Every structure is written in C-alpha cells, then in structure tokens.
Amino acid sequence: MYVAVKGGEAAILATHDLVAEARRGNEAVPELTVAQIREQQGLACARVMNEGSLYDLDLAALALKQAQGDAIEAAFLMRAYRTTLPRFGSSEPIDTAQMAIRRRISATYKDLPGGQVLGPTYDYTHRLFDFALMDEADGSAGEARPAATALDAAMPRVPDILGAEGLMEAETPPQGDPRPFDLTREPVSFPADRDVRLQAMARGDEGFLLGLGYSVQRGYGGNHPFVGEIRVGEVCVEFVPEELGFSVDLGEITLTECQMVNQFQGSKDVAPQFTRGYGLSFGHSERKAMSMSLVDRALKCREFGEAANYPAQLDEFVLYHSDNVEAAGFVEHLKLPHYVDFQGELELIRRITREREQRLAREQGTLPEAAE
Amino acid sequence: MMMTDTDPGKTAARETTVRQRWLAILARASRSEIETLVGAALPTHEILKAPETGTVMVEGRAGGAGRRFNLGEATVTRCVVRLENGAMGFSYALGRDGRKARLAAILDARLQSEDADGALLAEVTQLAAAQAAARDLASRKAAATKVDFFTLVRGA
Chain Z
9 MYVAVKGGEA AILATHDLVA EARRGNEAVP ELTVAQIREQ QGLACARVMN
59 EGSLYDLDLA ALALKQAQGD AIEAAFLMRA YRTTLPRFGS SEPIDTAQMA
109 IRRRISATYK DLPGGQVLGP TYDYTHRLFD FALMDEADGS AGEARPAATA
159 LDAAMPRVPD ILGAEGLMEA ETPPQGDPRP FDLTREPVSF PADRDVRLQA
209 MARGDEGFLL GLGYSVQRGY GGNHPFVGEI RVGEVCVEFV PEELGFSVDL
259 GEITLTECQM VNQFQGSKDV APQFTRGYGL SFGHSERKAM SMSLVDRALK
309 CREFGEAANY PAQLDEFVLY HSDNVEAAGF VEHLKLPHYV DFQGELELIR
359 RITREREQRL AREQGTLPEA AE
Chain D
360 MMMTDTDPGK TAARETTVRQ RWLAILARAS RSEIETLVGA ALPTHEILKA
410 PETGTVMVEG RAGGAGRRFN LGEATVTRCV VRLENGAMGF SYALGRDGRK
460 ARLAAILDAR LQSEDADGAL LAEVTQLAAA QAAARDLASR KAAATKVDFF
510 TLVRGA
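Note that the protein sequences, when read in sequence, are chains Z and D.
All residue numbers for the first sequence refer to my numbering, where the first residue is 9 and numbers rise by one.
All residue numbers for the second sequence refer to my numbering, where the first residue is 360 and numbers rise by one.
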C-alpha cells in the first residue's frame with residue numbers, strides 16, 4: 009500500500025532560502041557573474057554541456073552558478089530546461105574534417121600533413137600552483153603570440169591517412185545513410201547499435217567512462233590503443249529549415265574529436281587491420297572524448313567476433329549506468345521519505361524476532377537438558 | 360562557365376549561395392553588431408513568426424565519416440518577418456537571443472531587396488572580413504604551438 013504523507017512545507021521554503029545563502033557565500037566577496045563563469049571556467053562549462061546534452065555556453069555557466077559548481081546538478085538543470093524547448097529538427101551531420109583547428113595531435117605519426125598543433129593544453133605544465141592567480145589580478149592574461157602564417161587549410165583526419173593505405177577499418181555510412189536512433193525519444197533495446205552507443209556515451213558521465221576506458225587499458229578488455237588523433241576546434245552547424253528548403257549555417261560550436269587506433273589480429277573473415285574507437289564531445293573536453301573512444305572500441309567486440317567478458321565490452325552494462333542524471337536520481341532518491349516502506353520492514357522484523365523467541369522458549373520447555 | 364539570365368536554375372542556385380553566405384555571417388554576429396547594421400530607425404515590419412527558441416539535434420558521424428549518430432542538442436532561435444515591400448526575412452542562429460533573431464530577420468529581408476552593390480551588403484561584407492580576421496588570428500595563435508621536431512643522434 010502506498011500512503012502519501014503531507015507536511016514540511018515551511019521547512020522546504022526555509023531550506024530554499026538557506027541554500028541561496030550558502031550559494032552566495034560571504035557577501036563581502038563580489039558575486040560571480042555568468043559571463044565570468046562562461047569565459048573563465050570553460051572546461052567546466054563543456055562538461056555540463058556534454059552531460060546535460062545541450063550546447064549553450066551561457067546556460068551551462070548559469071547552471072554551474074546555480075548549482076554551486078556541482079557538475080551533475082548543473083547537468084540536471086540543462087536536461088530539465090531542454091525538455092521545455094521545441095525541437096526544430098536535426099542538423100546536417102557535422103564535418104570534423106573542416107574543423108577550424110585550435111589543437112591537433114597524433115601519437116601515431118610524427119610528421120603528418122598540417123603538423124602537430126599543441127594548442128591550449130595543460131599537458132606540458134608541471135602542475136605546480138601558480139600563486140599569482142591568488143592575487144587580485146589586473147585582468148590581463150599572458151598574451152599569446154600569433155605565428156606569421158595561419159595553419160594549413162587542409163588538416164586530414166589521421167585515420168583517413170591509414171585508410172588510404174587500406175590498413176584501417178573503413179568507416180562508411182550504412183546503406184541509405186539512415187537517420188540515427190534517438191534515445192531521448194525511443195526506448196533502447198539490446199544489443200544496441202553503434203549510433204545508440206555513441207549517443208549514450210556522448211551524454212554519459214565523464215568519470216564513469218574514464219574508469220571504464222582505464223579498465224580496458226589495464227586488461228579488462230584487451231585493447232592496445234594509440235591516439236591516432238585528437239582535434240579541437242570550431243565546426244559549422246548546418247540545418248535545413250523546411251520553410252526555406254536550403255541549408256542554413258547556424259554558427260559554430262566547439263568540438264573535441266578523438267580517433268583511437270587499435271590492433272586487430274584479424275579473423276577467418278577479416279584480414280588483419282587497425283580498428284577504430286571514436287569519441288566526439290562538445291567544447292574542449294579531450295579526457296571525455298578519449299574515454300569514449302576507448303569504450304567505443306571495446307563495445308565493438310561483437311562486430312569483430314571477440315569475447316565480451318568485461319564491463320566495458322557489455323553494451324547493456326555501459327549504457328544503463330553511464331547516464332549520471334539517471335544514476336544520481338536513483339541513488340539520491342534514497343534520501344526521500346521511505347517511512348511507510350520502512351515501517352513495514354520494521355513490523356516484519358519485529359514479528360520474526362518475536363516468533364523466534366517464542367519458538368526458542370517452547371523448545372527450551374520441551375527439551376530442558378539440551379539447553380544446558 | 361557563364362551564368363546567364365536564360366538559365367533560371369543556375370541563377371537561383373547562385374542567389375541561394377549569396378543569401379546563405381549572409382545568413383551565416385549574421386548568425387555569427389553579436390547582437391550589438393546586428394543592431395549597428397540595422398541602424399537607429401527600425402524599418403516597418405510585420406512579425407510573421409515571433410522569435411522562438413528551440414533546439415536542433417546535432418548529428419555526428421562515427422569515425423568522422425561513417426554512420427550518423429546524435430551527439431546532443433544545441434539551442435537555436437528563429438524568427439520570420441515581412442517588410443512593407445513584401446520581402447520576407449528569416450533568421451536561424453545558435454543561441455537564445457530573440458532580439459538578435461528579429462533584427463537579423465529584418466536584415467535578411469532588406470538584403471534580398473537590395474542590389475548587389477547596395478550599402479547594406481557592403482557593411483555585411485565588412486563584418487565578414489572582421490570574422491575572417493578573427494578566425495585567422497586564432498589559427499595563427501594555434502600555429503605558434505606547432506611542433507618542430509628534431510632528431511637527437513646517439514653517440515654523435
């Protein structure tokens with residue numbers, strides 16, 4: 009039986025006031041603006057856009073402000089807001105080969121057309137505190153000096169270079185280039201196809217995918233991955249409004265793409281070749297894109313006739329547990345009142361205890377010497 | 360190949376391309392840049408579709424070129440207006456700025472009514488040049504981080 013309990017309204021209103029005060033912190037310290045978060049906490053905004061599954065930097069910044077920097081709470085705000093918006097349609101598939109590159113590296117080729125471009129990265133920092141950032145700054149940053157000439161216009165994707173040699177698993181659209189499955193509108197069934205898996209991972213929790221990707225590297229999945237390429241930059245989003253009938257360039261979004269190259273021994277049907285894992289994410293978010301590409305390759309085990317023994321290889325496991333808004337909802341619902349459920353459990357265990365004591369007393373009565 | 364007025368299909372295709380270009384430039388412009396282009400006096404216009412914010416599902420391709428998949432949505436705002444001369448203007452751009460959408464739609468309608476050597480198109484071309492310069496600067500800053508490899512020879 010389900011029994012609704014009412015009450016606590018005044019307490020809830022009071023907690024809203026208290027959390028607002030906690031969010032604001034010491035009022036002697038200037039309040040953060042959304043623009044400051046957008047401009048100076050860009051990597052946090054990228055994570056919120058990915059896990060909130062909505063590209064909008066201002067909203068991601070607002071979500072972080074409102075959630076006191078709690079990334080999952082912020083993603084939840086993005087998801088909730090998204091449900092209030094109509095969807096105009098789907099974009100044309102974005103073309104990462106045409107990306108305006110800000111960073112592009114490969115661990116497989118030293119010399120590649122277009123070169124290795126480090127871009128803005130913490131990879132080569134020493135992870136020592138910069139205490140100068142603690143001081144009230146004058147607002148200026150170290151000015152990045154531009155080179156005399158821009159990057160090459162043509163920046164081929166590295167796996168496409170291997171592909172030209174016939175050593176790389178081809179990536180071509182299936183017959184008829186079908187519309188992708190949308191897990192926000194249709195229930196997922198298993199085994200899940202790659203479009204479903206990639207969508208789930210794109211909105212999945214970075215930490216969960218990082219852990220799974222790491223497990224693959226440590227042997228729970230049997231990959232030997234190389235970073236074929238990571239690229240970060242801006243890509244045009246094109247959309248064909250029905251009333252116009254031609255494609256409109258809506259502007260640019262920042263994306264991170266990771267193409268992981270993996271060994272494949274070949275099977276009786278397929279010649280030995282390199283295989284791919286693919287990761288794509290909003291904003292500059294290469295840990296996310298790399299983790300996604302590791303798990304993407306692990307989940308392709310069925311296609312290559314490999315054994316699926318480990319968590320990262322099991323699509324049902326990965327897809328059902330990667331969504332942090334769902335996971336947080338289920339874990340955190342335990343905080344809500346379960347008074348009646350628990351009262352039932354309490355009654356039951358009291359009755360069992362009582363009955364056990366009565367039984368023991370009866371047994372003692374009939375067999376007095378056994379108790380000694 | 361020559362494009363002549365006797366080839367309506369080609370002409371239409373060319374016009375679409377020019378319009379697509381200014382729509383792309385306007386989509387990338389800030390609200391204040393759009394306000395500057397519109398000028399102080401707003402032309403009389405009818406709002407056919409009020410500024411509306413929704414989303415577009417952004418699609419990617421596995422491996423960059425393979426099977427399509429849904430990456431996630433992006434906010435988009437659209438608006439449709441009609442000027443007194445009957446020209447209809449559209450705006451579709453990323454983000455949630457309704458004011459920008461309405462003004463950009465007015466500009467789209469005005470640009471369609473204007474000759475190829477019109478003053479407004481010239482201003483839009485200037486804006487495009489500024490956007491291209493910003494892209495070039497970002498690319499040159501990235502180019503400054505390009506790696507020059509050299510080989511260390513052992514035992515030399």
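Using N, Cα and C, we set each Cβ at its ideal position, and we do this for glycine too.
Computed from a prediction, not measured in an experiment: that's the story for all the values here.
By the CB criterion at 8 Å, V333 (chain Z) and F139 (chain Z) fall outside the cutoff.
Note that the C-beta distance between R110 (chain Z) and V240 (chain Z) is below 8 Å. Per DSSP, reduced to three states, the secondary structure at M300 (chain Z) is helical. Counting C-beta pairs closer than 8 Å gives three or more between the region 457-476 of chain D and the region 383-401 of chain D, which meets the contact rule. Between the C-alpha atoms of S389 (chain D) and K459 (chain D) there is a straight-line separation of about 8 Å. At least 8 Å separates the CB of I80 (chain Z) from every CB of chain D.
In the displayed model, I384 (chain D) falls within a helix according to three-state DSSP. Taking 8 Å as the threshold, the shortest C-beta distance from T484 (chain D) to chain Z does not fall below it. In the three-state reduction of the DSSP assignment, E371 (chain Z) falls in the helix class, which pools H, G and I. Under a 10 Å Cβ-count criterion, N58 (chain Z) is classified as buried, with 16 or more other Cβ atoms of the shown protein chains found around its own Cβ.
Of all residues in the region 465-498 of chain D, the ones placed with a Cβ closer than 9 Å to any Cβ belonging to chain Z are R494, D495, L496, A497 and S498, in chain order. C-alpha of F509 (chain D) to C-alpha of V269 (chain Z): approximately 25 Å in a straight line. Each residue's CA atom was taken as its position, placing P188 (chain Z) and L26 (chain Z) some 45 Å apart. Contact annotation: the region 147-161 of chain Z does not touch the region 194-202 of chain Z, with fewer than three C-beta pairs closer than 8 Å.
As computed with DSSP, V397 (chain D) is found in no beta bridge at all.
DSSP places F198 (chain Z) outside both helix and strand once states are collapsed to three, so it counts as coil. Straight through space, the alpha carbons of L442 (chain D) and E405 (chain D) are spaced by roughly 6 Å. A check of alpha carbon separations from A478 (chain D) across D:L396, D:S391 and D:Q379 identifies D:L396 as the nearest.
Burial is judged here by how many other beta carbons sit within 10 angstroms of a residue's own beta carbon; Q321 (chain Z) has at least 16 and is buried. Within 9 Å of the CB of L453 (chain D), the CB atoms of chain Z belong to Y63, D64, V245, L258, G259, E260 and I261, in sequence order along the chain. Straight across, the Cα-Cα distance linking L462 (chain D) with S301 (chain Z) is about 42 Å. Between L72 (chain Z) and Q49 (chain Z), the C-beta spacing is below 8 Å. Here the C-alpha atom of Q281 (chain Z) lies approximately 29 Å from the C-alpha atom of V506 (chain D).
The beta-carbon distance between T434 (chain D) and T412 (chain D), rounded to whole angstroms, is 6 Å. This is short enough to meet the 8 Å contact definition. R112 (chain Z) has Z:V125 and Z:R239 as its beta-bridge partners, per DSSP.
Linking A421 (chain D) to E355 (chain Z) through their CA atoms gives a straight-line distance of about 55 Å. The way I'd put it, the region 326-343 of chain Z doesn't touch the region 229-237 of chain Z; fewer than three beta-carbon pairs between them come closer than 8 Å.
Judged by their CB atoms, G457 (chain D) and A105 (chain Z) are not nearer to each other than the 8 Å cut-off. The beta-carbon of I238 (chain Z) is placed no less than 8 Å from the nearest beta-carbon of chain D. With its beta carbon at least 8 Å from every one in chain Z, F509 (chain D) lies outside the interface. For E340 (chain Z), there is no enclosing beta strand (DSSP E); the residue is found in the alpha helix (DSSP H) stretching over N332 to E340. Residue-level contact check: A19 (chain Z) does not touch chain D, since none of the beta carbons of chain D fall below 8 Å from its beta carbon. Collapsing the DSSP output to three states places D257 (chain Z) in a strand. E177 (chain Z) is not a Cβ neighbour of T23 (chain Z), given a cutoff of 8 Å. Shown here, A452 (chain D) sits in a strand according to DSSP, grouped into three states. Excluding sequence positions up to five before and after A28 (chain Z), its CB lies less than 7 Å from no other CB in the same chain.
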